[in-house]
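So the protein sequences, as listed, match chains A and B. By my numbering, the letter at position 143 of the first sequence is numbered 239, and the numbering carries on one by one without gaps. By my numbering, the letter at position 193 of the second sequence is numbered 577, and the numbering carries on one by one without gaps.
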Amino acid sequence: MKIGKCLVLAAALSLIVAGGASAAEKIKVGVLLPLTGSQAKFGEIEKRSYEMAVEEINGKGGVNGAMIELIFEDDTGKPDVGRSGVEKLISRDKVPVLTGGYSSSVTAAATPVAQQFKVPFVICTGSADDITEKGYEYVFRVNPPASEYPAAVESFLKEVAKDVKSVALLYENSAFGQSSSKSFEADAKAAGLNILVKEGYQAGAIDFKPILTKVKAANPDMIYMVSYVMDASLLMRQSKELGINPKMFVGGGAGFTLPEFAKSAGSAADYVYSATLWVETLPFPGAKEYFNKFMKKYGSETEYHGAEAYATMYVVADALKRAKGSPNVTPQAVRDALTTTDMMTAFGPVKFVSYGKKTQQNKLDTYLVQWQKGELEAVWPTKVATKKYIYPTPPWSSRK
Amino acid sequence: MDVFLQTLVAGLLKGGLYALIGIGMTLIMGVMGIINLAHGQLMMLAMYITFVLNTMGVDPYVSLLVAMPLLFLLGVTIQKFLLNPLIKVETILPENQVLMTVGIGMAMTEIARFTFTSDYKYVTTEYANRTFSLGNVSFSVALTIAFGIALVFTAAMFWFLLKTDLGRSIRATAQDKDAATLMGVNTARITVITFGIGAALVAAAGCLLAPVYYIFPDIGGPFTAKAFIITILGGLGSTVGAIFGGVTLGLAESLGATYFGMEFEDIVGLTIFILVLLFLPGGFKRLTKV
Numbered sequence: 097m098k099i100g101k102c103l104v105l106a107a108a109l110s111l112i113v114a115g116g117a118s119a120a121e122k123i124k125v126g127v128l129l130p131l132t133g134s135q136a137k138f139g140e141i142e143k144r145s146y147e148m149a150v151e152e153i154n155g156k157g158g159v160n161g162a163m164i165e166l167i168f169e170d171d172t173g174k175p176d177v178g179r180s181g182v183e184k185l186i187s188r189d190k191v192p193v194l195t196g197g198y199s200s201s202v203t204a205a206a207t208p209v210a211q212q213f214k215v216p217f218v219i220c221t222g223s224a225d226d227i228t229e230k231g232y233e234y235v236f237r238v239n240p241p242a243s244e245y246p247a248a249v250e251s252f253l254k255e256v257a258k259d260v261k262s263v264a265l266l267y268e269n270s271a272f273g274q275s276s277s278k279s280f281e282a283d284a285k286a287a288g289l290n291i292l293v294k295e296g297y298q299a300g301a302i303d304f305k306p307i308l309t310k311v312k313a314a315n316p317d318m319i320y321m322v323s324y325v326m327d328a329s330l331l332m333r334q335s336k337e338l339g340i341n342p343k344m345f346v347g348g349g350a351g352f353t354l355p356e357f358a359k360s361a362g363s364a365a366d367y368v369y370s371a372t373l374w375v376e377t378l379p380f381p382g383a384k385e386y387f388n389k390f391m392k393k394y395g396s397e398t399e400y401h402g403a404e405a406y407a408t409m410y411v412v413a414d415a416l417k418r419a420k421g422s423p424n425v426t427p428q429a430v431r432d433a434l435t436t437t438d439m440m441t442a443f444g445p446v447k448f449v450s451y452g453k454k455t456q457q458n459k460l461d462t463y464l465v466q467w468q469k470g471e472l473e474a475v476w477p478t479k480v481a482t483k484k485y486i487y488p489t490p491p492w493s494s495r496k
Numbered sequence: 385m386d387v388f389l390q391t392l393v394a395g396l397l398k399g400g401l402y403a404l405i406g407i408g409m410t411l412i413m414g415v416m417g418i419i420n421l422a423h424g425q426l427m428m429l430a431m432y433i434t435f436v437l438n439t440m441g442v443d444p445y446v447s448l449l450v451a452m453p454l455l456f457l458l459g460v461t462i463q464k465f466l467l468n469p470l471i472k473v474e475t476i477l478p479e480n481q482v483l484m485t486v487g488i489g490m491a492m493t494e495i496a497r498f499t500f501t502s503d504y505k506y507v508t509t510e511y512a513n514r515t516f517s518l519g520n521v522s523f524s525v526a527l528t529i530a531f532g533i534a535l536v537f538t539a540a541m542f543w544f545l546l547k548t549d550l551g552r553s554i555r556a557t558a559q560d561k562d563a564a565t566l567m568g569v570n571t572a573r574i575t576v577i578t579f580g581i582g583a584a585l586v587a588a589a590g591c592l593l594a595p596v597y598y599i600f601p602d603i604g605g606p607f608t609a610k611a612f613i614i615t616i617l618g619g620l621g622s623t624v625g626a627i628f629g630g631v632t633l634g635l636a637e638s639l640g641a642t643y644f645g646m647e648f649e650d651i652v653g654l655t656i657f658i659l660v661l662l663f664l665p666g667g668f669k670r671l672t673k674v
């Protein structure tokens, strides 16, 4: 009798559980990305990477039996649109977790909404420093803050390029550009470098000759540029036109690592260094595989933004898996699971920690890459190098 | 001194291109009294035509011969089938035609995105990075050629408007549409041709810009804004004004970039725009009287 009762109870329980699981066959994940507008190119790489990751996760049984369904919102690159996109994802689609976030300005506008409605937001890219400096409990960031991009450049200057004494700093006048240039300036001053020129410019300019002429007149040992891809290529092309010969051209992340940069700048791209967050040759499990799979699936190359999105999706899936009550998760449960995230991804180790003014921020190494004969080679730190660095940069006149 | 001269040269070369963009818009504005807010988008289309031809090995300067007629036809079609019918429609909004151009611009941008994706495209030519120098001042080969061609086009335009029958009709329509109609000018036809010419001129600017800049679907917006500023600077409908307006904007941007900081590039242009509206409401046309 007693056993019979227990059996009935167990059957009933299992029914409830099964019923629960079928009700949660899908877990919605909201993704905010620029899918149209001038940043759509990066939005597209990230969207494809998110989709590729979800395909793999769902193919392996999803999150505790529930399939992940991505709901993309197009922020069009505008903060107000991004804000209302997040509001829509939270109030209408009722997603338990948000991710994406490409440009710093859009991310900065969207994160307070997530905080207000208490829905966790795992930022993929949006890198301006202050986004994780506001003490938001529901905001996590996989991307290192913009101020940490130059770390690899600094160690290179300290150990190899010791004769670099003066710098020209050019940056695009955006949240990202200002944030990166400010921190680079502070670090450069601390390292005893002389900053000869410091100029912001409007992204999308046709003609960089006015500032490049100034740079040429100042004749710095190094030119550090924070630019997106096409500005980057115009800067290099016009540096060649004007015959500016520093010991090093360095790109501070963003555009200088993209294949388009080398294609559009042509031979002017050679020897250019860039700080980067990821290259496919890094010794992380799945890094090279991700690159190859992307290439095979979409027929075009990917780069660090994509790797970041791919890894971020795995981080989100991992949190959904571990969250209390999974797969019937609440935003609160996902948030709690994210605070204990500690995993290895194709983008590197991910763990949300607090340091300095930052909270729930992933800490990552940065790397130095250099264009050599049209190929992007990892050159620094030497433990991940694929080729030896070429320093100093040969003057334009001696190149073929 | 070198810095100043280099800035001056850069501004002047850019200004020549701006003038070409501005003339097309000012012509349309003068004759039809509407602001063509799809102007930059027309240029974007011309750049994509240049790009497609370039992948087949056609030089950007040769593609002028293809892009200009194509854009002329497109302009004619837009005016004839999309803008002219709106004149007859009674609405509370007199700016219907202007709004229509906004819509056309958006549609063109999204069609370009659909066709070419939002990837950046560029035209590869062996002279794109070439320079020559006079003293310590370097001249970009591509921009110098562009400047020369822009000059030829503006001069030809000028001659056309002053000396030919069609040109005179265009000017008559611009001055007083009703009077022109009474004098036997087929103004409906003139507006159609004018839009075509405006589109062809901005197409030329697009082809000339292609070797030095890059192409993406959203490139039109900022250039529409620039064309608008140039048109106001020059005085509505004034060709000579547009030339001065273009060169002024180019020079102001370059000088501003060198001596204030390049981040203020757009602010410099817009400040001049406001100053002209306040103190010289007719634009440079008031000064030249042409």
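Beta carbons: idealized from backbone N, C-alpha and C, even for Gly.
Hey, is residue i's beta-carbon within less than 9 Å of any beta-carbon in chain A?
| i | result |
| --- | --- |
| residue 600(B) | yes |
| residue 593(B) | yes |
| residue 645(B) | yes |
| residue 390(B) | yes |
| residue 649(B) | yes |
| residue 624(B) | no |
| residue 379(B) | This structure cannot speak to residue 379(B), because chain B is shown only from 385 to 674. |
| residue 637(B) | yes |
| residue 586(B) | no |
| residue 513(B) | yes |
| residue 615(B) | no |
| residue 403(B) | no |
| residue 461(B) | no |
| residue 434(B) | no |
| residue 503(B) | yes |
With DSSP collapsed to three states, give me the class of residue i.
| i | result |
| --- | --- |
| residue 523(B) | strand |
| residue 445(A) | strand |
| residue 484(B) | helix |
| residue 347(A) | strand |
| residue 437(A) | coil |
| residue 122(A) | strand |
| residue 546(B) | helix |
| residue 163(A) | strand |
| residue 196(A) | strand |
| residue 138(A) | helix |
| residue 387(B) | helix |
How many whole angstroms separate the CB atoms of residue i and residue j, which I take to be in contact at a CB cut-off of 8 Å?
| i | j | result |
| --- | --- | --- |
| residue 621(B) | residue 424(B) | Not really, about 19 Å apart at Cβ, beyond 8 Å. |
| residue 140(A) | residue 405(A) | The pair is not a contact, with the Cβ atoms about 10 Å apart (cut-off 8 Å). |
| residue 339(A) | residue 492(A) | 5 Å |
| residue 422(B) | residue 485(B) | 5 Å |
Ignore the nearest five residues each way along the sequence and tell me which others in residue i's own chain have a CB closer than 8 Å to its CB.
| i | result |
| --- | --- |
| residue 153(A) | 159, 164, 409, 410 and 413 |
| residue 444(A) | 374, 378, 380, 407, 460 and 461 |
| residue 331(A) | 266, 304, 308, 321 and 323 |
| residue 503(B) | 600 |
Which same chain residues end up closer than 7 Å to residue i when comparing Cβ atoms and leaving out the 5 residues on each side of it in sequence?
| i | result |
| --- | --- |
| residue 554(B) | 415, 545, 574 and 578 |
| residue 506(B) | 598 and 599 |
| residue 453(A) | 229 |
| residue 537(B) | 404, 585 and 588 |
| residue 417(A) | 159 and 160 |
| residue 119(A) | Residue placement at residue 119(A) is flagged as unreliable, the pLDDT there being 47, under the threshold of 50; the coordinate-derived value follows with that caveat. No residues qualify anywhere along the chain. |
| residue 341(A) | 491 and 492 |
Starting from the C-beta of residue i, find all residues in its chain whose C-beta is less than 6 Å away, skip the five residues before and the five after it, and write them out in chain order.
| i | result |
| --- | --- |
| residue 457(A) | 228 and 237 |
| residue 558(B) | 414, 415 and 621 |
Is residue i close to chain B? Criterion is C-beta to C-beta, closer than 9 Å.
| i | result |
| --- | --- |
| residue 185(A) | no |
| residue 136(A) | yes |
| residue 360(A) | yes |
| residue 398(A) | no |
| residue 117(A) | The predicted position of residue 117(A) is uncertain, since its pLDDT is 44 and thus under 50; a value taken from the coordinates is nonetheless stated next. With 9 Å as the cut-off, residue 117(A) does not count as an interface residue toward chain B. |
| residue 435(A) | no |
| residue 356(A) | yes |
Closer than 8 Å: is that where the CB of residue i sits relative to any heavy atom of the ligand NAP?
| i | result |
| --- | --- |
| residue 662(B) | Within the structure as shown, the ligand NAP is missing, as the structure has no ligands at all. |
Mind checking the segment 288-320 of chain A against chain B and listing, in chain order, the residues whose C-beta falls within less than 8 Å of any C-beta there? 295, 296, 297, 298, 300, 301, 302, 303, 304, 305, 306, 307, 309, 310 and 313
Contact set between the segment 481-494 of chain B and chain A, restricted to residues whose Cβ is under 7 Å from the partner: none
Taking only beta carbons into account, state which residues of the segment 321-340 of chain A come closer than 7 Å to chain B, listed in chain order. 325, 326, 333, 336, 337 and 338
What are the residues of the segment 358-388 of chain A that lie near chain B, defined by any Cβ-Cβ distance shorter than 9 Å? 359, 360, 361, 362, 363 and 364
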